[in-house]
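Q:
There are 4 protein chains.
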Amino acid sequence: MPETIAALHPRKRPRQERSRRTCADILAAASDIIEVKGLSALNTNLVAERAGVSIGSLYQYFPGKNAILAALIREMRRDMLADILSAVDRGKNQDLASAIGLLVDASLRHHLRHPALSEALERAESEMPLDAETQALKSDKAALIVGVLDRLGIENPRQAAMDVFAMCHGIVHTALQAGETDFDDLSDRLRRAVTGYLGAGTA
Amino acid sequence: MPETIAALHPRKRPRQERSRRTCADILAAASDIIEVKGLSALNTNLVAERAGVSIGSLYQYFPGKNAILAALIREMRRDMLADILSAVDRGKNQDLASAIGLLVDASLRHHLRHPALSEALERAESEMPLDAETQALKSDKAALIVGVLDRLGIENPRQAAMDVFAMCHGIVHTALQAGETDFDDLSDRLRRAVTGYLGAGTA
Amino acid sequence: MPETIAALHPRKRPRQERSRRTCADILAAASDIIEVKGLSALNTNLVAERAGVSIGSLYQYFPGKNAILAALIREMRRDMLADILSAVDRGKNQDLASAIGLLVDASLRHHLRHPALSEALERAESEMPLDAETQALKSDKAALIVGVLDRLGIENPRQAAMDVFAMCHGIVHTALQAGETDFDDLSDRLRRAVTGYLGAGTA
Amino acid sequence: MPETIAALHPRKRPRQERSRRTCADILAAASDIIEVKGLSALNTNLVAERAGVSIGSLYQYFPGKNAILAALIREMRRDMLADILSAVDRGKNQDLASAIGLLVDASLRHHLRHPALSEALERAESEMPLDAETQALKSDKAALIVGVLDRLGIENPRQAAMDVFAMCHGIVHTALQAGETDFDDLSDRLRRAVTGYLGAGTA
DNA sequence: GATGAATGAGGGTTCATTCAT
DNA sequence: CATGAATGAACCCTCATTCAT
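Protein chains in written order, with our numbering: chain E, 269 to 471; chain A, 269 to 471; chain F, 269 to 471; chain X, 269 to 471.
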């Protein structure tokens, strides 16, 4: 039976400062493990130990392993939305190329920050029921991009947004796997890919 | 310690007709499970059961779970190479757009055949040591694409080949996740993306 | 590949009273099984069951079956060293025959306590990498005996110590297998064997 | 339930030359495995493979794994009896020291021939029901030794025979484990041990 | 007889989760 | 609330033995 969405919410709103801290420690430990040893090495006992918390406490804050993952995903989505928001904002009055460049760089920075982590979370995301907030964050982000593309006169902006992000994701993921680390070079290729796709579409 | 490559080779060359059948059944069952329930649901007991075979038999033919995965990956790579080979062949005397179109369609068909499976295998592939044959199949495929791009006058064809494939992979994967199934539409967008990227590069 | 020494160390220092108890129960159950049904009947499930503990608990304290064996061996070596130490101490100012008698009796008592167990552990010991403490316990014991023999003017005391212990071990083992239980009689024969060997050597 | 003795007999008296050969191949393969990789590595599939025989055929000749072991033990006992017989024969008219020397050397040669094998078989022997022939071989050997000791005027010759053999076994086993290979040195120490024990007894 | 494919009980180990203290 | 001991379902894999061909 697929796990219910209720089970993905943090068990309690941590009011006390101390609680908020513990909660953050747990998430940080989990991030760390995923980034360094991979998603398959993530297990609740290890997280608790690395967070300096007893396994019992961990279960006070999160109803289960997947809730931790869900929280990480939510966090990632929040960060991402913020980055995109800022990029969109700064690109408000720019031409297509510049606006795209800002978006692409935002996405790229996101992946470069914690390459393995973001990859793993995106995978996990697709195999899990998403809570309402995460879904909202995803739609907000999509709407934002769609808005930009629409304003720039792109046809079928919903689809274009999807494709453009997927392209970037694919290229960046593959480049990272191949060991590339040159931000500027990657940024260049992404811009070319995106503008190429968009240009070809409107041509 | 990362698992040794030896552990990925089939254990026994099936000599009798019966055993060739068993071997195939095991691989088919594994494919099926991955396609339907995901890579994380793959386990040797389930494979054996679904293949209508005892767990002991499974281990006669494969030294372990990962050997089954390795075999599936090898199979996928063989199919893919064959598809690409034929596309390259048919595109021999065509112009850039047509040649690209053939390649893109080959790749697309590949993904559409078993969407979840090919995705999962590609992921698994990146977390496993590859046997010699699989590596050779990958390089052969890469060389083929590089050759085509080179002949078409693309600059830095190695990188372009990587990017182009990664873009396609990204777009297709995302589209499939979103439930798209319209081959022609997808084919169109992929062509646009690829020619856009390549065109922008030479511009 | 021979198992690494790391795998032989207990996993967790028991902190609470309850867990110290569990740990001891596990070792006692293992001892029991070996003593009664033989080394080949030792398996983790049985140990857990007999210890009245879940299999999971067993693995909390021991990283595997061999770690349990290693712990038993260490325990045996500790006891043995203590026994020998006390025998050497009490024999400090005695003549050869008495000193030997004390040592022989110490060794004999050791075997009589848990005949099958000590035999099995000694066998297991020779087929396993030893952790540092166990090795130290063995050398300490050897050094102790060598010291005594040396003080008594025995030539080549290292070799004599080895031979003497091996002789005793052989005789006792065989006698126990044959069902003998008369401590005094055995003690007598061992003294004869040892003094005979040592006497013949110096003659 | 302890396995019945009937199950330890070879399944059929091989009349044909070919059969006898297969049977010997199986036993040779088993010996080899034990000598090189230890008793715990002995398994029927491996034996069959190493013997160049199908697993099915192996079971034609031996009703099970333990029957193979039993056959090896019987063989060992036969050899041993023959060696002892010859040593006793040659020592017929010699003095105690020489007679003992011959016996000791016979035993020593036995162990040196296949150190690990003889050790393993002796261990296996003590954990298995013995068939009539093996038991007879053991008693015959014992009787032979007892006869010699009796003739030489040793008191309680049954016990002395046991002890003497056990001593030798212990010393040789330990020396081999320690890597010694010098036959003459070992022979010397064994003679000293045996004559010391026997001398001390009669003194 | 010979073959080797197939079987499945048995044993090792992990890890998400619960609960007594 | 925190702790960490305990649980046991779920997996992985081996190997003695059987049986259809």
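Ideal placement from N, C-alpha and C gives every residue a C-beta, glycine not left out.
1. Taking any Cβ of chain A, which residues in the segment 385-406 of chain E have a Cβ under 8 Å from it, in chain order?
2. So, is residue 400 of chain F buried or exposed, given that buried needs 16 or more other C-beta atoms within 10 angstroms?
3. I'd like the ranges of any alpha helix (DSSP H) spanning at least 4 consecutive residues and lying wholly in the segment 300-335 of chain F.
4. Could you name the residues of chain A that residue 437 of chain E contacts, counting a contact when the two beta carbons are closer than 7 Å?
5. Compare the beta carbon distance of residue 461 of chain X and residue 461 of chain F with 8 Å and say whether it is the shorter of the two.
6. Would residue 464 of chain F and residue 369 of chain X be called neighbours here (beta carbons separated by less than 8 Å)?
7. Chain X partners of residue 449 of chain F, CB-CB under 8 Å?
8. Are the C-beta atoms of residue 269 of chain X and some chain F residue less than 8 Å apart?
9. Can the beta-carbon of residue 392 of chain E be found less than 8 Å from the beta-carbon of residue 349 of chain E?
10. Just tell me which of X:284, X:296 and X:291 has its CA closest to the CA of residue 385 of chain X.
11. Using a beta-carbon distance below 8 Å, is residue 418 of chain A in contact with chain E?
12. Which same chain residues end up closer than 7 Å to residue 340 of chain F when comparing Cβ atoms and leaving out the 5 residues on each side of it in sequence?
13. Taking only the alpha-carbon atoms, compute the straight-line gap between residue 466 of chain F and residue 417 of chain X and give it to the nearest angstrom.
14. So the alpha helix (DSSP H) residue 397 of chain E belongs to, where does it begin and stop?
15. Under 7 Å Cβ-Cβ, which residues of chain A neighbour residue 457 of chain E?
16. Is there a Cβ of chain E sitting closer than 8 Å to that of residue 411 of chain A, yes or no?
17. Quick check: the Cα distance between residue 415 of chain X and residue 331 of chain A, rounded to an integer number of angstroms?
18. With 8 Å as the threshold, decide whether the Cβ of residue 312 of chain E is near any Cβ in chain A.
19. Mind checking whether residue 429 of chain X and residue 410 of chain X have CB atoms under 8 Å apart?
20. From the beta carbon of residue 441 of chain A, is the nearest beta carbon of chain E less than 8 Å away?
21. For residue 443 of chain F, I'd like the list of residues in its chain whose CB is within less than 7 Å of its CB, leaving aside the five on either flank, ordered along the chain.
22. With C-beta atoms as the reference, is residue 404 of chain F less than 8 Å away from residue 374 of chain F?
23. Against chain X, does residue 446 of chain F count as a neighbour if the rule is that its beta carbon must be under 8 Å from one of theirs?
24. Which ranges does the alpha helix (DSSP H) cover as unbroken runs of at least 4 residues, wholly within the segment 385-456 of chain A, from first to last along the chain?
25. For residue 382 of chain F, which residues in the same chain have their Cβ closer than 6 Å to its Cβ, ignoring the five residues on either side in sequence?
26. Below 8 Å on the Cβ atoms is my contact criterion, and I expect residue 306 of chain F with residue 395 of chain X to pass it. Report the Cβ-Cβ distance as a whole number of Å.
27. Please confirm if residue 434 of chain E has its CB atom under 8 Å from at least one CB of chain A.
28. Compare the C-beta of residue 332 of chain F against all C-beta atoms of chain X and say whether one is closer than 8 Å.
29. Show which residues of chain E have a CB atom less than 8 Å away from the CB atom of residue 369 of chain A.
30. Between residue 320 of chain A and chain E, is there a C-beta pair that is closer than 8 Å?
31. What residue range does the alpha helix (DSSP H) around residue 371 of chain A cover?
32. Name the chain X residues that come within less than 8 Å of residue 306 of chain F, Cβ to Cβ?
33. So, helix, strand or coil for residue 289 of chain X, using DSSP?
34. By a C-beta neighbour count over all protein chains shown, 10 Å radius and 16 as the cutoff for buried, is residue 434 of chain F buried or exposed?
A: For this structure:
1. Result list: 391, 394 and 395.
2. Under this definition residue 400 of chain F is an exposed residue.
3. Runs of the alpha helix (DSSP H) inside the segment 300-335 of chain F: 312-319 and 323-329.
4. Residues of chain A passing the Cβ test: 438.
5. Contact flag set, yes.
6. It is not a contact, given that the beta carbons lie outside the stated cut-off.
7. Per Cβ cutoff of 8 Å: no residues; residue 449 of chain F is ~14 Å from chain X at best.
8. Bear in mind that the predicted position of residue 269 of chain X carries a pLDDT of just 43, short of 50, making it unreliable; the figure below should be weighed with that in mind. For residue 269 of chain X, no CB of chain F lies under 8 Å from its own CB, so it is not counted at the interface with that chain.
9. Contact flag unset, no.
10. Of the candidates X:284, X:296 and X:291, the one whose C-alpha sits nearest the C-alpha of residue 385 of chain X is X:296.
11. Closer than 8 Å: no.
12. Around residue 340 of chain F, the same chain offers 295, 298, 299 and 389 as residues with beta carbons nearer than 7 Å, after the five sequence neighbours per side are excluded.
13. Distance between the alpha carbons of residue 466 of chain F and residue 417 of chain X: 22 Å.
14. Segment: none, residue 397 of chain E is in no alpha helix (DSSP H) and carries neither H nor E.
15. Here the neighbours are 431.
16. Contacts with chain E at 8 Å (Cβ-Cβ) do not include residue 411 of chain A.
17. If you take the alpha carbons of residue 415 of chain X and residue 331 of chain A, they lie about 57 Å apart.
18. Contact of residue 312 of chain E with chain A is not assigned, every C-beta pair being separated by 8 Å or more.
19. Yes, they are a contact pair.
20. Chain E, which has a Cβ nearer than 8 Å to the Cβ of residue 441 of chain A, makes this yes.
21. Scanning its chain for C-beta atoms nearer than 7 Å, with the 5 sequence neighbours on each side dropped, one finds around residue 443 of chain F the residues 454, in chain order.
22. The answer is no: Cβ separation not under 8 Å.
23. At least one CB of chain X lies nearer than 8 Å to the CB of residue 446 of chain F.
24. If we require 4 residues or more, the alpha helix (DSSP H) runs fully inside the segment 385-456 of chain A come out as 400-419 and 425-445.
25. Correct list, in chain order: 303.
26. With a Cβ gap of about 6 Å, residue 306 of chain F and residue 395 of chain X count as contacting.
27. Using a CB distance cut-off of 8 Å, residue 434 of chain E counts as an interface residue toward chain A.
28. False, the Cβ-Cβ gap to chain X never drops below 8 Å.
29. Those within 8 Å of residue 369 of chain A in chain E number zero; the least Cβ separation is about 13 Å.
30. It does not: the Cβ of residue 320 of chain A has no partner Cβ on chain E nearer than 8 Å.
31. Counted as a single uninterrupted DSSP element, the alpha helix (DSSP H) harbouring residue 371 of chain A occupies residues 364-381.
32. Per Cβ cutoff of 8 Å: 395.
33. Assignment of residue 289 of chain X by DSSP, reduced to helix, strand and coil, places it in the helix class.
34. Buried, by the Cβ-count rule.
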